[in-house]
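Engineer: Its first residue numbered 0, the sequence shown is counted upward by one per residue in numbering that gives the first Met the number 0. Note that beta-carbon positions come from the ideal geometry of N, C-alpha and C, so glycine has one too.
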Amino acid sequence: MWLADDPWKHPRIAKLGYDPLIDFPTVKVLGEKLLKRKKKIKAVLLDQALFAGIGNWLADEILFHAKLSPHIFASKMTAPQIKSLHKSILAIVNKAVDVDADYERFPKAWLFHERWGKSKTAKTSTGKKIIHEEVGGRTTAWVPTIQKA
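1. Per the contact definition of three or more C-beta pairs closer than 8 Å, is the region 62-79 in contact with the region 96-103?
2. Which whole-angstrom value is the C-beta distance of ILE61 and ILE88, which I expect to be below 8 Å?
3. What does a CB cutoff of less than 6 Å around VAL43 pick up in its chain, not counting 5 residues either side in sequence?
4. DSSP three-state label for LEU89, please.
5. Determine whether the beta carbon atoms of PRO69 and LYS38 lie at a separation below 7 Å.
6. If you measure between the beta carbons of LEU45 and HIS85, is that distance less than 7 Å?
7. Roughly how far, in whole angstroms, is the beta-carbon of VAL92 from the beta-carbon of PRO24, given that I think they are within contact range, below 8 Å?
8. Along the beta strand (DSSP E) that carries ARG114, what are the first and last residues, could you check?
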């Protein structure tokens with residue numbers, strides 16, 4: 000722990016990106032940022048210099064609800080995809096906070112409840128097959144029949 004006159008200027012904090020709860024950008028600004036990134040969207044979501052606090056399971060959940068493949072390159076995203084991603088980031092993060100990140104209170108349709116079983120038979124609550132693979136250096140759970148490129 001340390002004391003600081005202005006914690007936002009501390010190097011560890013100053014390098015963090017947008018916080019979805021405090022200062023998330025508009026769809027337009029988000030699009031401008033994403034279109035400059037030449038990485039897959041899953042890796043971009045995990046970049047703390049762009050999105051503060053979005054970790055692996057949140058990124059998977061966000062992409063699932065936005066119906067976006069983790070393999071889409073951020074620089075190739077369309078305006079509707081960016082709008083869907085923006086909406087999904089805000090909705091998923093806010094819901095997780097609203098329930099104090101108590102996974103038992105997450106909606107039953109969330110991928111979260113099924114993503115931990117990496118078996119070949121893992122399925123969503125509606126019976127769709129969940130694929131587990133490495134994307135952006137992290138294990139990624141996603142549903143190809145729902146999440147399109």
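Structural biologist: Let me lay it out:
1. Short answer: they don't touch.
2. Between ILE61 and ILE88 the beta-carbon gap is near 5 Å, inside 8 Å, which marks them as a contact.
3. Closer than 6 Å at the Cβ level, and outside the excluded window around VAL43, lie ARG36 and ALA73.
4. Helix at LEU89.
5. No; because the gap between Cβ atoms is not below 7 Å, this pair is not in contact.
6. Result no, Cβ atoms of LEU45 and HIS85 do not sit closer than 7 Å.
7. No, VAL92 and PRO24 are not in contact; Cβ-Cβ is about 14 Å, not under 8 Å.
8. Element bounds for ARG114: not the beta strand (DSSP E) but the alpha helix (DSSP H), 111-114.
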